[in-house]
Amino acid sequence: MDKQKLLLSLSISTLVYNVISVVLWTLTSIVLIINFSMINKIHFNWRYCFPLSLLYVIPTIVNVFVYITFYKFNNSIFIIALTY
1 MDKQKLLLSL SISTLVYNVI SVVLWTLTSI VLIINFSMIN KIHFNWRYCF
51 PLSLLYVIPT IVNVFVYITF YKFNNSIFII ALTY
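No gaps in the numbering here: position 83 of the sequence shown is 83 in UniProt numbering, and each next residue is one more.
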């Protein structure tokens, strides 16, 4: 497998992983917030999403920096565009 095919398969698998992560974090956040609201007998409020969403946003920012440095060294503008 040459370098370009390896980068392409890596970017596709990364894209799939990111999509699955976003879906799972969103579902987990919603379930936790609804359970928290029911336990504490409080009205459901979207502002409780913020602390939980930070758990996903921080690793995503780190991932972006890793991808930028990785693709900068490999000069693969097409693949970084495909990944995001």
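Virtual Cβ for every residue (Gly too), placed ideally from N, Cα, C. Since the model is a prediction, treat every value here as computed from it, not as a measurement.
Assigned exposure category for residue i - 16 Cβ within 10 Å defines buried
i          : result
residue 11 : buried
residue 7  : buried
Separation of residue j from residue i, as counted between CA atoms
i          : j          : result
residue 13 : residue 29 : 24 Å
residue 18 : residue 2  : 24 Å
residue 31 : residue 25 : 10 Å
residue 81 : residue 15 : Legend: pLDDT at residue 81 = 48, less than 50; position of this residue unreliable, no value from coordinates given.
residue 5  : residue 35 : 45 Å
residue 33 : residue 20 : 20 Å
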